[in-house]
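Numbering-wise (the working numbering), the sequence shown opens with residue 8 and increments by one.
Note that the Cβ used here is the ideal one computed from N, Cα and C, for glycine as well.
Structure first, then comments.
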Amino acid sequence: KLRRSQQRIRNLGFFEDVQVTNAPSETAPDRTVVQVDVQERSTGELSFGVGWSSGMGALFDISLRERNLLGRGQDLRSKLTLAQRRQEIDLSFTEPYFLDRPLAAGFDLFHTRTDLQDESSYDTRETGAALRLGFNYTDRLTQGLKYTVSRTSIENVPPGAAQAIIDSLGTTTVSMVSQTLTYDRRDSTIDPREGYFARLSNDVAGLGGSERFLRTTIDGGQYFPVTDNITLALQGTAGIVAGLGKDVRFNRNYYLGGDTLRGFEYGGASPRDVATGDVLGGKWMAAASAELRFPLGLPQELGLTGKAFTDVGMIGSPDGTNRYNIHTSTAPRASVGVGLVWVSPMGPVSIDLAQALLKEDWDRTEFFRFNFGTRF
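Below is the structure:
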């Protein structure tokens with residue numbers, strides 16, 4: 008319990024160092040005195056980031072954050088991200104003790120533009136706001152509730168795009184209620200070595216707005232310390248989306264490939280239009296991975312570790328298969344690969360080399376995936 012309390016104090020982000028000690032009580036021999044020594048840190052943060060990824064290309068972001076606004080523990084953050092294929096600006100505020108109770112309440116304002124021309128011959132533009140409420144049932148079990156209202160535009164669709172995309176051209180509004188329930192027994196959320204977590208998310212859209220759908224996603228992982236410095240990570244995710252009285256728009260579907268299935272491009276293992284090759288996604292998806300993380304026998308100061316992995320996944324069909332000519336298959340896809348993670352002076356660098364083992368003729372694969380980013 009002392010270690011857990013010490014970790015929770017560190018997770019506040021208000022202190023540079025936290026030391027918890029205990030000693031026998033001088034007045035009550037059957038009790039222990041716990042002493043917590045902390046070293047405060049600056050809670051204001053101005054950060055810049057540069058990087059490059061296989062999915063988004065070159066990127067730059069700037070973030071301004073105050074994690075202890077007016078000394079009340081309130082969190083105020085604004086962020087601007089500019090990438091070759093994605094631009095985003097958002098403002099968020101969180102009150103960790105809403106109504107003097109352990110309830111984290113807050114709001115988000117956001118605007119995002121994403122270029123999906125390479126995969127699906129369209130761009131999206133989304134503007135919206137969200138209200139959030141989060142609480143802890145126990146130290147391990149948490150739940151978050153959210154209400155989001157947004158406008159999403161599908162635009163810049165060329166005449167030769169898939170008919171399913173042309174039919175979706177225009178702007179829709181979404182009024183959506185969401186919940187996320189998480190049980191987490193990992194020793195660390197950043198670099199877990201042992202423990203497990205499970206998460207259930209639900210979205211219901213249709214309380215107003217022009218889109219109506221129900222989406223459920225589950226994901227989790229378990230981590231086994233094979234030795235003191237070798238970890239086996241087993242992770243998985245699955246989801247399903249269903250329309251409520253109308254078809255699910257293709258941009259609300261699941262996409263298999265990229266980070267969800269290494270060895271395939273983003274959406275590379277997903278249903279696609281026969282004539283154009285545009286990715287349309289599927290109404291359900293399941294993916295799992297087994298990854299062995301190990302040192303390379305180099306000095307620890309270099310921050311270089313290795314990994315070997317295998318990924319497997321399946322995906323369903325989108326709505327409209329009776330109206331459009333679509334390549335689709337629920338057959339499993341699989342890949343194997345190795346990779347490196349380097350915590351460099353300029354930030355984390357991740358390199359994956361993966362070979363697709365099971366695939367369909369129309370799938371799009373990739374052997375090399377690279378992500379680089381830094382914050383300063």
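- Annotation: Ser296 to Gly78 spans about 43 Å, alpha carbon to alpha carbon.
- In the three-state reduction of the DSSP assignment, Asp125 falls in the helix class, which pools H, G and I.
- Residue range Trp291 to Pro302 is occupied by the beta strand (DSSP E) that includes Ala297.
- Taking 8 Å as the upper bound for CB-CB distance, Phe231 and Arg259 are not in contact here, some 35 Å apart.
- If only uninterrupted alpha helix (DSSP H) runs of at least 4 residues are considered, those enclosed by the region 121-178 are 124-127 and 170-173.
- Counting C-beta pairs closer than 8 Å gives three or more between the region 281-299 and the region 243-252, which meets the contact rule.
- If you draw a straight line from the Cα of Gln26 to the Cα of Val40, it is about 14 Å long.
- The C-beta distance from Arg158 to Glu218 rounds to 11 Å, too long to meet the 8 Å contact threshold.
- In this structure, the alpha-carbon of Asp194 lies about 25 Å from that of Thr101.
- A straight-line Cα-Cα distance of about 53 Å links Gly58 and Arg38.
- Sequence-distant Cβ neighbours of Arg72 in its own chain, meaning closer than 6 Å and more than five residues away, are Glu52 and Arg84.
- Close CB contacts of Ser185 within its chain, under the 6 Å cut and outside five residues either way in sequence, are with Lys153 and Asp210 (chain order).
- The residues Ala90, Gln91 and Arg92, in chain order, have a CB closer than 7 Å to that of Gly64 in the same chain once the five nearest residues on each side in sequence are set aside.
- Rounded to the nearest whole angstrom, the C-alpha separation of Thr149 and Ala168 is 43 Å.
- When secondary structure is reduced to three states using DSSP, Asn258 falls in the helix class.
- Across the set Ala112, Glu201, Thr283 and Thr28, the C-alpha of Thr283 shows the shortest separation from the C-alpha of Glu126.
- For Arg222, the enclosing beta strand (DSSP E) begins and ends at Phe220 to Pro232.
- Rounded to whole angstroms, the Cβ separation of Gly151 and Thr187 is 5 Å, and the two are in contact under 8 Å.
- For Gln91, the secondary structure class from DSSP, reduced to helix, strand or coil, is coil.
- In this structure, the straight-line span from the alpha carbon of Glu298 to that of Phe117 is close to 34 Å.
- In this structure, the CA atom of Ser99 is about 4 Å from the CA atom of Asp115.
- Annotation: Ile197 is outside any beta strand (DSSP E) and is labelled neither H nor E by DSSP.
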